[in-house]
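Undergrad:
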Amino acid sequence: MKNILSKSDFLKYLQCPKYFWLHKHKPEVLGAQTLDEFAQQIIEQGNEVEVWARKLFPEGVMVESKREQAGVDTKKLLEAGHQTIFQATFEADGFYAMVDVLTWDEAGNYWVISEVKGTTSKEIKREEHCIDACFQKLVMEKAGSKVGQVNLLELNKEFRKDGEIIPKLLIQSTDITQNIEELSGNVEIQMSDALRLMQNSEEPRVCNCIYESRGNQCPAFKYCHPDVPDYSVHDICRIGVSKKKLREMIDNDWLRIEDIPLDYELSNTQQPQVHATITGENFIDTKNIHEELEKIEFPIYFLDYETYPSAIPVFDGCGPFQQVPFQYSLHILEEPGGKLEHREFLHIENTKPMEALAHQLRSDMGDTGSVIVWNKSFEGGRNTELAEAFPDLSEFLHGVNNRFYDLEDIFKAQYYVHKDLKGKTSIKSVLPVLCPELSYKNLNIQNGGMACNSWKEMVFQMEDQTQKNQVAEDLKEYCKLDTFAMVMIWEEVCKI
Ligand code: SF4
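This is the structure:
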């Protein structure tokens, strides 16, 4: 819909007018926007929440068509007297809006818009959600409909599944009419500006995004800033929290890390990466690495969980988006130079996996020695939740957390800086640099998002046993490599 301005177009305009213009006039420069497993999961979860939100309105009818036809079909449903419509679509003055749930309020003699959001956050995204809903309301009004109320339908973060899900307990409705009123004037001006820009054939100038760190850049960055190399000052670790430094470097026209003078002052965590890039020499802080490794005690357990974060809880006792651990891999080294043992758990039924997982972990893991993880807040969070759910294992699980050693810390603290790490510290980045003989590339499952999706398909959708067995093997291989990678990385740093 090149000549129509939809809500998602408008949100792009708010992000950056040039981004919006490129999306409308030169979409090819934004590259193929392929979604990774994580992004796909978010979309699927949003769709699931919509399905549950609609259950609050059993009398509702759905506009099944898309684009121009959706407006025609909405009109027909309104003329037929329907008072609750899902995906009601309106087009007016160049704008296009698709309302998640539209209901007629007989007493107020007006329409009520309900925007469904697949989130439980009450504060962080509230303003963004209100802008979304405000756009919908303004388009409906331009199309000649009276809107008297706007609601936000979100997942109730306090909800815990207990048997069959009751939609009105799962979905929380908040009246945001007042917030919308306050935003209306400004949003209307921005909508007109966006429309004018869309109709203008002249490409807008770049915004200030050159001063953003790599993680905050938009898909058009390479097109808008062709002089910025793929590995640049934007990739210096934690440069996003040193905005003043980043600005200074860019204003000095130091785009490559090699352009930075060696005596330029950076933080202790940034300096080693810059130094390694400029000199080509790796930076190894032997003293601090030795001090870190001394914290690790035998027997050593290398632990990794795989989890399934379902927007709509599937198992009793779970809340929205709760990370449900369904698998772990555990490598065990009893003593220096000892034989490396492996234990694992994978839940293959479509039942709640946590109790069996926690009990097997209890029997696989002794009471002493360090537990090495990569990103302790994730594994620690799962243990805390398991401890709450199974009080008989609470002491053990909290004990495991107290025994954690986060191997990523050595890399995060920049005690081991390899020029090829380029400021990255995830296990998927560190492994190929320190142990190039090991790789995820040949595995059928190569990351946590794929593991989660594969498990979901295996337990809830697949019927064929051979297929299920294959996925189970793939999952085991993937998770095993995660902990084996930790073993190998630990061995590498021990050689220092
Ligand atoms: S790279 Fe910057 S200027 Fe270009 S579209 Fe993205 S945000 Fe806008």
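Counting in numbering that gives the first Met the number 0, the sequence shown runs from 0 upward without gaps.
Think of the CB as a built atom: it goes at the ideal place given N, C-alpha and C, for glycine as much as any other residue.
Being a predicted model, the structure only gives us computed values, none of them experimental.
(1) Is any non-hydrogen atom of the ligand SF4 found closer than 7 Å to the C-beta of Y18, if you look at the structure I gave you?
(2) Do G117 and C236 have their C-beta atoms closer together than 8 Å?
(3) Since L154 sits in a beta bridge, which residues does DSSP pair it with?
(4) Going by DSSP, what residue range makes up the alpha helix (DSSP H) through R66?
(5) Within the continuous beta strand (DSSP E) that includes Q86, where are the two ends?
(6) Which of the three DSSP states is assigned to E348 in this structure?
(7) Give the C-beta separation of I537 and K136 to the nearest angstrom, bearing in mind that I take them to be a contact with Cβ-Cβ under 8 Å.
(8) Which residue spans inside the segment 11-67 form an unbroken alpha helix (DSSP H) run of at least 4?
(9) On the three-pair Cβ rule with 8 Å, is the segment 382-400 touching the segment 257-271?
(10) With hydrogens ignored, establish whether the beta-carbon of A310 is closer than 7 Å to any heavy atom of the ligand SF4.
(11) Just checking F94 against the ligand SF4 - is the residue's beta carbon closer than 7 Å to any of the ligand's heavy atoms?
(12) Residues in its own chain within less than 8 Å of I488 by CB, not counting five upstream and five downstream?
(13) When you compare only the Cα positions, how much space is there between Y263 and D419?
(14) What does the Cβ neighbour count give for G70, buried or exposed, with the cut at 16 atoms within 10 Å?
(15) Let me confirm a value: L38 is counted as buried when at least 16 other C-beta atoms fall within 10 Å, else exposed. Which label applies?
(16) Report the rounded CA-to-CA distance for C129 versus T367, giving the unit in angstroms.
(17) Using only CA atoms, which one of Q460, K351 and P319 lies nearest to L169?
(18) What do you get for Y109, buried or exposed, if any count of 16 or more other CB atoms within 10 angstroms of its CB means buried?
(19) If you run the structure through DSSP and keep just helix, strand and coil, what is W103?
(20) Is the distance from the Cβ of M331 to the Cβ of P298 below 8 Å?
(21) For E153, is the classification buried or exposed, using 16 other Cβ atoms within 10 angstroms of its Cβ as the cut-off for buried?
(22) Tell me, to the nearest whole angstrom, how far the beta carbon of K141 is from that of F94; I am working on the premise that it is less than 8 Å.
(23) Whole angstroms are fine: how far does the CA of A450 sit from the CA of L442?
(24) Using 10 angstroms around the beta-carbon of Q464, count the other beta-carbons present and answer buried if the total reaches 16, otherwise exposed.
(25) Within the present structure, is the beta-carbon of A219 separated from the nearest heavy atom of the ligand SF4 by less than 7 Å?
(26) From C223 to V205, what does the alpha carbon distance come to, in whole angstroms?
(27) Establish whether the CB of C434 and some CB of chain C are separated by less than 8 Å.
(28) Based on DSSP bridge pairs, tell me the residues matched to H330.
(29) Please classify N178: is it buried, with 16 or more other beta-carbons within 10 angstroms of its beta-carbon, or exposed?
TA: According to the data block:
(1) Walking along the sequence shown from the start, residue 18 turns up at place 19. Under cutoff, so the answer is yes.
(2) As a position in the sequence shown, residue 117 is number 118, starting the count at 1. As a position in the sequence shown, residue 236 is number 237, starting the count at 1. No, the pair does not count as a contact, with Cβ atoms beyond the cut-off.
(3) As a first step, residue 154 must be located in the sequence shown, where it is residue number 155. Paired residue(s): I170.
(4) For the purposes of this step, residue 66 is taken as the residue at position 67 of the sequence shown. DSSP places R66 in the uninterrupted alpha helix (DSSP H) bounded by R66 to E78.
(5) For the purposes of this step, residue 86 is identified with residue 87 of the sequence shown, where counting begins at 1. Counting along the chain, the beta strand (DSSP E) containing Q86 begins and ends at T83 to A91.
(6) Indexing the sequence shown from 1 puts residue 348 at position 349. If DSSP states are grouped into helix, strand and coil, E348 belongs with coil.
(7) The structure shown does not extend to residue 537, since the chain spans only 0 to 495, so no value can be given for it.
(8) 16-24 and 36-53
(9) no
(10) Stepping through the sequence shown from its first residue, residue 310 is reached at position 311. Not a single heavy atom of the ligand SF4 lies less than 7 Å from the C-beta of A310.
(11) Mapped onto the sequence shown, residue 94 falls at position 95. No, since every heavy atom of the ligand SF4 falls outside the 7 Å radius drawn around the Cβ of F94.
(12) Here residue 488 is taken as the residue at index 489 of the sequence shown, counted from 1. Excluding sequence neighbours, I488 sits near L406, I426, V429, L430, L433 and C434.
(13) Your numbering for residue 263 matches position 264 in the sequence shown. Your numbering for residue 419 matches position 420 in the sequence shown. So the two alpha carbons sit approximately 21 Å from each other.
(14) The count along the sequence shown starts at 1 and reaches residue 70 at position 71. In this structure G70 is buried. Its beta-carbon is surrounded by 16 or more other beta-carbon atoms within 10 angstroms.
(15) To locate residue 38, count along the sequence shown from 1; it is residue 39. Note on residue identity: the sequence assigns Ala, not Leu, to residue 38. A38 is exposed by the Cβ-count criterion.
(16) The residue labelled residue 129 in the question sits at position 130 within the sequence shown. The residue labelled residue 367 in the question sits at position 368 within the sequence shown. Between C129 and T367, the C-alpha separation is close to 52 Å.
(17) Reading the sequence shown from its first residue, position 170 is the one you call residue 169. Considering only alpha carbons, the answer is P319.
(18) Residue numbering aside, residue 109 sits at position 110 when the sequence shown is read from its first letter. Label assigned to Y109: exposed.
(19) Within the sequence shown, numbered from 1, the residue matching residue 103 stands at position 104. Three-state result, W103: strand.
(20) What you label residue 331 is simply residue 332 of the sequence shown in a count that begins at 1. What you label residue 298 is simply residue 299 of the sequence shown in a count that begins at 1. The sequence given here has Ile at residue 331, not Met. Yes; because the gap between Cβ atoms is below 8 Å, this pair is in contact.
(21) By one-based count along the sequence shown, residue 153 stands at place 154. By the neighbour-count rule (16 or more Cβ atoms within 10 Å), E153 is buried.
(22) Within the sequence shown, numbered from 1, the residue matching residue 141 stands at position 142. Within the sequence shown, numbered from 1, the residue matching residue 94 stands at position 95. Yes, K141 and F94 are in contact; Cβ-Cβ is about 6 Å, under 8 Å.
(23) Translated into positions along the sequence shown, residue 442 becomes position 443. Translated into positions along the sequence shown, residue 450 becomes position 451. C-alpha separation (whole angstroms): 11 Å.
(24) Numbered from 1 along the sequence shown, position 465 holds the residue referred to as residue 464. The residue in question, Q464, is exposed, as its Cβ has fewer than 16 Cβ neighbours within 10 Å.
(25) Taking the sequence shown and counting its residues from 1, the one referred to as residue 219 is at position 220. Checking the Cβ of A219 against the ligand SF4 gives yes.
(26) Residue numbering aside, residue 223 sits at position 224 when the sequence shown is read from its first letter. Residue numbering aside, residue 205 sits at position 206 when the sequence shown is read from its first letter. About 7 Å.
(27) Although the question refers to chain C, the structure presented lacks it and comprises just one protein chain.
(28) As a first step, residue 330 must be located in the sequence shown, where it is residue number 331. Beta-bridge pairing links H330 to F301 and H341.
(29) Working through the sequence shown from its first residue, we reach residue 178 at position 179. N178 comes out buried.
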